[in-house]
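Reading through the structure tokens given below for one structure.
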Ligand SMILES: [Ca+2]
Ligand SMILES: [Ca+2]
Ligand SMILES: [Ca+2]
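Numbering (our numbering), first residue to last: -15 to 241.
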């Protein structure tokens, strides 16, 4: 086959819309650590209304930061507002199955390398927490707001005993991480996650932690949908004929790196 014909074919194939691979995870896709236990409706309770508790869940399979993805969750950040603490953290880390320090550490402090998206419902003055519930990007397990990248984003009270949609969208082309609550974008950050945090590695795990301290709250998480986009390969890069290879590609999507 001529090179120009291959180029033409490559152009045509790569011009197709990229695959959108979506799945609804099941409880078997996660590991639990700390005080986490399973609720009856495929949700996890990370902490009860007990002081000095912490828990986390982790998706078993690593994902690649070189591909775009959406992770859509439902969270419940407790039923006590003024006396409710400490919150939850969505995390990317190089190793799964760990929970960081409880209390103000929200089950994330001390995990490194990592990037956390905190949902902080308790004001710790020495960490420069605002009075209101807030979100922030936290790097390498550091939970204080001491740098520009960790500037808090204030949100309405989330400790309302209701379940809320919580989505994380990653677009590697723009290095952008968008956080949505109840379908509305509330925080956006730009990070060279692979090089500036994960030391050149694109393969990471993701999970969710929660913790209580001198005050407490229920913290729960449920998993709605994961979707990954993956670029198609030129057909001659596949060891099998394209039509036979396609199901294999789908079965071993970006989750399997
Ligand atoms: Ca609170
Ligand atoms: Ca706090
Ligand atoms: Ca609150």
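Don't be surprised by glycine CBs; every beta carbon is placed ideally from N, CA and C.
The three-state secondary structure of residue 96, taken from DSSP, is coil. Uninterrupted beta strand (DSSP E) stretches at least 3 residues long and entirely within the segment 26 to 110 occur at 27 to 31, 38 to 43, 53 to 60, 71 to 77 and 98 to 104, given in chain order. When C-alpha distances from residue 54 are compared across 85, 7 and 78, the shortest belongs to 7. Looking at 118, 46 and 11, the one whose alpha-carbon comes closest to that of residue 190 is 46.
The continuous stretches of beta strand (DSSP E) do not include residue 128, and DSSP gives it neither H nor E.
Rounded to whole angstroms, the Cβ separation of residue 100 and residue 197 is 17 angstroms, and the two are not in contact under 8 angstroms. Not one heavy atom of ligand 1 falls within 7 angstroms of the beta-carbon of residue 31. Secondary structure of residue 117 (DSSP, three-state): coil. Checking the DSSP bridge columns, you'll see residue 207 partnered with 57. Residue burial is scored here from C-beta neighbours: residue 112 has fewer than 16 other C-beta atoms within 10 angstroms and is therefore classed as exposed.
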